[in-house]
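See below for the structure under consideration.
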Amino acid sequence: MTHAALKTIAAFLNTEGGDLLIGVDDDRKVLGIEHDRLENDDKFLRHLAQAVRNGLGDRAGTCIDPKTQIVEGRTVCLVSCQRSPEPVYLRWKGVEKAAGGDLYVRTGPGSVRLGEEDAAKYVATSFGSN
């Protein structure tokens, strides 16, 4: 779950922002975050914040606002993401395809990894000289 959540967060940060619901599947079925086996909401939020710092960098963590809430008797996490002022690359346990990390963007309802050449062009046009 962590890698999938980080891909989506990175994509929101690299485009126009957006909200990610953790604990709700693609069919809108509420699963809750309890299956992540963390003792309480605070530990879940700290784990999420640490995963964002580890995978996306310290500055990316300043662009998200995670909150937990009860939906249908289960705890879900709403991660509100604002657009990052700089490109955000995902580096996670060596699974990235690009040496400097993978750049994800939102296209419609999905997150897409851009190849290195497309990522460089996207960064140049969307973030200027970064």
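Position in the sequence shown (first residue = 1) + 1 = my numbering.
Think of the CB as a built atom: it goes at the ideal place given N, C-alpha and C, for glycine as much as any other residue.
Computed from a predicted model, the values in this text were never measured in an experiment.
Taking the alpha-carbon positions, what's the I10 to A50 distance? 12 angstroms
Using the Cα positions of S81 and L115, report the straight-line distance between them to the nearest angstrom. 23 angstroms
Could you work out which residue in L91, P86 and G24 is closest to K68 when comparing CA atoms only? G24
For my contact list, V89 and L14 are in at a C-beta cut-off of 8 angstroms; report their separation, rounded to the angstrom. 4 angstroms
Close Cβ partners of E117 (< 7 angstroms) along its chain, the five nearest in sequence each way excluded: A99
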